[in-house]
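Chains as they are written, first to last, in the numbering used here: chain S, 23 to 728; chain F, 66 to 600.
Working notes for the structure below.
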């Protein structure tokens, strides 16, 4: 077939073109004719089919047209139970190609016209498709399950299955034809999606743009054919991209020349059908889509390959570079073509290879124009190229390790082209390039997001920090001072209550003398702004600093904002709480033993009085002289009074301490509770959100490593 | 205009201008700063390497620098022009890592000294010996200039084989640009595969901008396509406004070769003839020299204002940073004053102590609490100011300078400094109270500590501490109380100002250390206008 058949034609057109050209070696124009005639004969064939001898398994198919797909399908699988699975594969393969063609075609034919010629025309080419697919895959037994080996056997052995395949091509099962990512990659993509969703409120859209793009592209790619691998040929101007492209295609598709830059817009070439949506995605117009020169073995080898010839990336024409940058983001794999003159160009290495180092597995580096190098210098250059690539951080796929493939080649003389062809064939047959590319994209996006998600430092709010915050709030409401004051007041009252009456008398006298001034009555009115505002502010600032330490900037900002939001009104709330939590003002409660102590003190005073009176009585002579007993009584009273007072003071110490501590504790707890509810909890929630995101990010990264 | 005599006046102004340029510094990472730094270095290199030596000694040999992309065949071209392998050529890129200067033996003295390219160490390789292994060990090969002499080079001409202009090694690129700037004649080499590359075209445009004497060589052109490629290239040059530039084409020959053979003399004969003509014809020589020299002088007209603009942008950015600091500290200062007057210090702990004073609380405890509360207020103000500054600076690209970014863990030390200041204030306050009490001639003198606590409460408590004022007046008398209060109030104000000022200075210190001044802008422009007058 002449290569320059447009992809936009349907499957049918291409095949008929193929048939026609195989017969006559026709040019493009002739091929067009061939197509027309073939179609004409097809119509007649269909008429024949409906009129008398339908192939088994497709009754009513021809006239029923598009609407009857599902029905036809079930019926057939019902009829041919034993081969159901294999048929399924065959059907899927054939159907995929058909479906993608129909959707991708720009000149869709009228349904009747489209359907009618199908049975007779398809007889030959469709069987061949299945056959070829099988042949392409037969080299890899592990692919048997998914691909055509069984189908081929069936095809070879069972005509019924083959016919079913032919018939089934319309009822395409969408999911099976599209690209399927494996489990880890899928979970990473999900994790990335979740991550983007979770952080949308915290990060600006610019930061997330790359991740969003990767997700979008992954989703888009997933919807498209998984049986095709889109490989772009990129390189500097004059390095021979188009030459290589043509060599691989076997025909001069892309214009080559000495005029620099030569190629100005990307050209696509697809080895098998159904790649139209993929090429649509690259924005390559129909007039730039080509078919390679198909020899059976070439098609078998490179089936599923979609080759894109890119413009240069280093010429003075900026538009070229933009095109390259755009397309490079969308293709599954890239062949970098370098030549001995330019292989060490800074533009290539710094602008492209280094940023794409993670994509080594979907990268070929071809040293072209080796024919220009004398003797063994090709090896030297190749080694130097390897060294440069290594410095760029690109893993080289030597000794069976995953990584970039480096190959010397001369597109002009054809040296090394078969090797490349073989490698490409293997690469395409693996069908893993798209997923690997997406995986590398996810890696790159994750690495780009690293600064906003991970800092490598420990984060979180430690218990000490929480305690410190509570302590600062307690300071702000003056819990310690209040406790001490309460303790002292209690003690003072106890002393007053249990002191000797004489002492009381003296105090009372003092009070009376000092009353106008110098005495500070314990104020009981409620102060406004009793809480130290500056301490609250400082406490909040400290705790938010501690909480946000080690967080990436956006999250640190969020934590800080949460803390500041919570601290609004905190001081007022603390004011209120402090008055509520404070001990009831006025006199502290009196313990039960105070009256007893008072009674004892009274007794002591009484003893003194009695002893004194007795003595006075003796002196006056009213009473019989007896010095001992009254003196004893008086001394007992005089010594006993202070003794009781002292004892009481000792006894009161414990309860007063408890009383003070209780007062302090109440304030402290109230302040801490208020702080926790208003500041610590929101901050902790924010931290939790970060941790969640961090875990999600870990998921995105980790699985890739494993 | 086309004369080039030694003119001491011009040289003086030029070296003054050079000093100004060397003094210009762009430490703040603004958008244009890297470019300005590169421009400054380039201009400095051009003045040092080319313009000043050339104007000082117009008789010195012409220097033709061969520049181009990697693999364009620069070394092969130089070797072929000389007729001997002076510069390594090879298939591995980048080939030329050490620039090689070739001149006639008689001209050797011009280049062995530090007249031109003073930044490069000279290595002199004796004739007839390959120059391997002769580099002084440990010397950076990029900063070395190898000098070769060859009889075949016409006297009065020196050829310099420069490293790649688009080398992977960044220093090579910079060096290549520097060397080109030192040239009287720029020889731009490109190839059939490369003539549309973007990088060489940048260089060509630069050459045009400086109006340097420029020659282009289209190297490695396969025979079959000579005419077409040459035509294409010519069209591109014309489109770029460089149509008048002499253009030489060297075909790709088997000898040219990646192996590093010499091209036959015929292949490079036109170029050689042209060069010899430029050197030996006095008129042509004058014109070549004057054109490049005056081109550079003319280019100063646009390059100096650009540098001055960058300097001004630096200063403006530094000013913005400073004003952010000043604004934050000013507003915090005002806020902390208002809070002091409002009695914010007498809250929390201090308030509780005051309520308990004097029955359940000693004067010392009250003073302690007040001092602690005051320190907290000041620290709060300082950290709030720092936070505001951080916020404001986050929007400033200039704040990303590493010197500004790394702050001492200042909170602890600020706390320490403030605590120290507050303790000192307290001690002075107690001394004041002591003085005041001693002046009293009462029989029962009040306790100075109580007086100090009361005066502190009055000062810090605002309206809330009215009763403290009463107590103070009672103890010291109305007059004494007022006097003590005024003195202590002034003291407090002083300490407040001092603390805020210290912290502000501490914050500004790294910015001041960068020393971004407004003068360079004016000086650059002034130097340029003096030069313009001198010409």
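Here a beta-carbon is modelled for each residue, glycine too, at the ideal position from N, C-alpha and C.
Within the 8 Å Cβ cut-off, does residue 312 of chain F reach chain S? In the second chain, the residue the question calls residue 312 of chain F occupies position 247. It does not; no Cβ of chain S falls within 8 Å.
Should residue 300 of chain F be labelled buried (16 or more other beta-carbon atoms within 10 Å of its own) or exposed? Here residue 300 of chain F refers to the residue found at position 235 when the second chain is read from its first residue. Exposed, by the Cβ-count rule.
Chain S within 8 Å of residue 413 of chain F, Cβ atoms only: For the purposes of this step, residue 413 of chain F is taken as the residue at position 348 of the second chain. Residue 413 of chain F counts as touching chain S.
Using a beta-carbon distance below 8 Å, is residue 426 of chain S in contact with chain F? As a working note, residue 426 of chain S is residue 404 in the first chain. No, residue 426 of chain S lies away from the interface with chain F (no Cβ there is under 8 Å from its Cβ).
Chain F beta carbons: is any one of them nearer than 8 Å to that of residue 337 of chain S? Taking the first chain and counting its residues from 1, the one referred to as residue 337 of chain S is at position 315. Closer than 8 Å to some Cβ of chain F, the Cβ of residue 337 of chain S qualifies, so yes.
Short of 6 Å in beta carbon distance, which residues of its chain neighbour residue 439 of chain F, apart from the five on each side in sequence? Order them along the chain. The residue you call residue 439 of chain F lines up with position 374 of the second chain. These residues qualify, in order along the chain: 410 and 487.
Taking one C-beta from the stretch 365-376 of chain S and one from the stretch 448-463 of chain S each time, how about it: are there three or more such pairs within less than 8 Å? no
Looking only at its chain, what residues have a beta carbon closer than 6 Å to the beta carbon of residue 34 of chain F, apart from the 5 residues adjacent to it on each side? Residue 34 of chain F lies beyond the stretch modelled for chain F, which goes from 66 to 600, so this question has no answer here.
Within the same chain, show all residues whose beta-carbon is closer than 6 Å to that of residue 125 of chain F, passing over the 5 residues directly before and after it, in chain order. Taking the second chain and counting its residues from 1, the one referred to as residue 125 of chain F is at position 60. Excluding residues within five positions, the ones whose Cβ falls inside 6 Å are 175.
Between which two residues does the alpha helix (DSSP H) carrying residue 449 of chain S extend? Counting from one through the first chain, the residue named residue 449 of chain S turns up at place 427. Run containing residue 449 of chain S: 439-452, per the alpha helix (DSSP H) assignment.
So which residues on chain S does residue 266 of chain F lean against when the C-beta distance must stay under 8 Å? Taking the second chain and counting its residues from 1, one reaches residue 266 of chain F at position 201. Going along chain S in sequence order, the residues near residue 266 of chain F (Cβ under 8 Å) are 338.
Less than 8 Å between the beta carbons of residue 201 of chain S and residue 243 of chain S, yes or no? Taking the first chain and counting its residues from 1, the one referred to as residue 201 of chain S is at position 179. Taking the first chain and counting its residues from 1, the one referred to as residue 243 of chain S is at position 221. Yes. Within cutoff.
What do you reckon, are the CB atoms on residue 285 of chain S and residue 333 of chain S nearer than 8 Å? Looking up residue 285 of chain S in the first chain gives position 263. Looking up residue 333 of chain S in the first chain gives position 311. Yes, they are a contact pair.
DSSP state of residue 251 of chain F mapped onto helix, strand, coil: Translated into the one-based positions of the second chain, residue 251 of chain F becomes position 186. For residue 251 of chain F, the secondary structure class from DSSP, reduced to helix, strand or coil, is strand.
Exposure label - residue 171 of chain F; buried when at least 16 CB within 10 Å: In the second chain, counting from the first residue as 1, residue 171 of chain F sits at position 106. Label assigned to residue 171 of chain F: exposed.
Kindly indicate which three-state DSSP category residue 385 of chain S falls into: helix, strand or coil? As a working note, residue 385 of chain S is residue 363 in the first chain. Residue 385 of chain S falls in the strand class under three-state DSSP.
Around the Cβ of residue 361 of chain S, are there at least 16 other Cβ atoms within 10 angstroms (buried) or fewer (exposed)? By 1-based counting over the first chain, the position of residue 361 of chain S is 339. Buried is the call here.
Please say whether residue 633 of chain S and residue 653 of chain S have beta carbons closer to each other than 8 Å? Counting from one through the first chain, the residue named residue 653 of chain S turns up at place 631. Counting from one through the first chain, the residue named residue 633 of chain S turns up at place 611. With respect to residue 633 of chain S, residue 653 of chain S sits close: the two C-beta atoms are nearer than 8 Å.
What is the rounded straight-line gap between the Cα of residue 511 of chain S and the Cα of residue 425 of chain F? Sequence index remark: in the first chain, residue 511 of chain S carries index 489 (1-based). Sequence index remark: in the second chain, residue 425 of chain F carries index 360 (1-based). Cα to Cα, the separation comes out at about 6 Å.
Does DSSP classify residue 592 of chain F as helix, strand or coil? For this step, residue 592 of chain F is matched to residue 527 along the second chain. Helix.
With 16 other CB atoms within 10 Å as the buried threshold, where does residue 509 of chain F fall? Taking the first residue of the second chain as 1, we reach residue 509 of chain F at position 444. Label assigned to residue 509 of chain F: exposed.
Which residues of the stretch 498-522 of chain S have a Cβ closer than 7 Å to any Cβ of chain F? Give them in chain order. 498, 499, 500, 502, 503, 504, 507, 510, 511 and 514
Grab the span of the beta strand (DSSP E) containing residue 91 of chain F for me, first residue to last. Your numbering for residue 91 of chain F matches position 26 in the second chain. No beta strand (DSSP E) holds residue 91 of chain F; DSSP gives it neither H nor E.
Just checking, does the stretch 688-696 of chain S make contact with the stretch 591-601 of chain S on the three C-beta pairs under 8 Å criterion? yes
Under 9 Å Cβ-Cβ, which residues of chain S neighbour residue 425 of chain F? Within the second chain, the letter at position 360 stands for residue 425 of chain F. Under the 9 Å cutoff, chain S gives 506, 507, 508, 509, 510, 511, 513, 514 and 544.
Do you know whose CA, among F/421, F/540 and F/282, lies nearest residue 340 of chain F's CA? Stepping through the second chain from its first residue, residue 340 of chain F is reached at position 275. The candidate whose alpha carbon is nearest that of residue 340 of chain F is F/282.
Report yes or no: is there a C-beta of chain F within less than 8 Å of the C-beta of residue 257 of chain S? For the purposes of this step, residue 257 of chain S is taken as residue 235 along the first chain, with counting starting at 1. So no, residue 257 of chain S is outside the interface.
Since residue 313 of chain F sits in a beta bridge, which residues does DSSP pair it with? Within the second chain, residue 313 of chain F is the residue found at index 248, counting from 1. Residue 313 of chain F is bridged to F/282.
Under 8 Å, Cβ to Cβ, is there at least one residue of chain F near residue 369 of chain S? In the first chain, counting from the first residue as 1, residue 369 of chain S sits at position 347. True, the Cβ-Cβ gap to chain F drops below 8 Å.
For residue 312 of chain S, which three-state DSSP category applies? Locating residue 312 of chain S in the first chain gives position 290, where the first residue counts as 1. Three-state result, residue 312 of chain S: strand.
Taking only the alpha-carbon atoms, compute the straight-line gap between residue 413 of chain S and residue 135 of chain F and give it to the nearest angstrom. As a first step, residue 413 of chain S is located in the first chain; it is residue number 391 there, counting from the start. As a first step, residue 135 of chain F is located in the second chain; it is residue number 70 there, counting from the start. Cα to Cα, residue 413 of chain S sits roughly 18 Å from residue 135 of chain F.
Count the C-beta pairs between the stretch 471-482 of chain S and the stretch 346-356 of chain S that are closer than 8 Å, then say yes if the count reaches three, no if not. no
Do the stretch 379-394 of chain F and the stretch 455-469 of chain F touch if we need at least three Cβ pairs shorter than 8 Å? yes
Pick helix, strand or coil for residue 426 of chain F, following the three-state DSSP scheme. Position 361 of the second chain, counted from the start, is the residue given in the question as residue 426 of chain F. Coil, per DSSP.
If you drop the 5 nearest sequence neighbours on each side, which residues of the same chain put their C-beta closer than 6 Å to that of residue 80 of chain F? Counting from one through the second chain, the residue named residue 80 of chain F turns up at place 15. Cβ neighbours of residue 80 of chain F beyond the five flanking positions: none.
Please state whether the Cβ-Cβ distance between residue 325 of chain S and residue 294 of chain S is less than 8 Å. Residue mapping note: residue 325 of chain S aligns to position 303 of the first chain, counting from 1. Residue mapping note: residue 294 of chain S aligns to position 272 of the first chain, counting from 1. Cβ atoms of residue 325 of chain S and residue 294 of chain S: closer than 8 Å.
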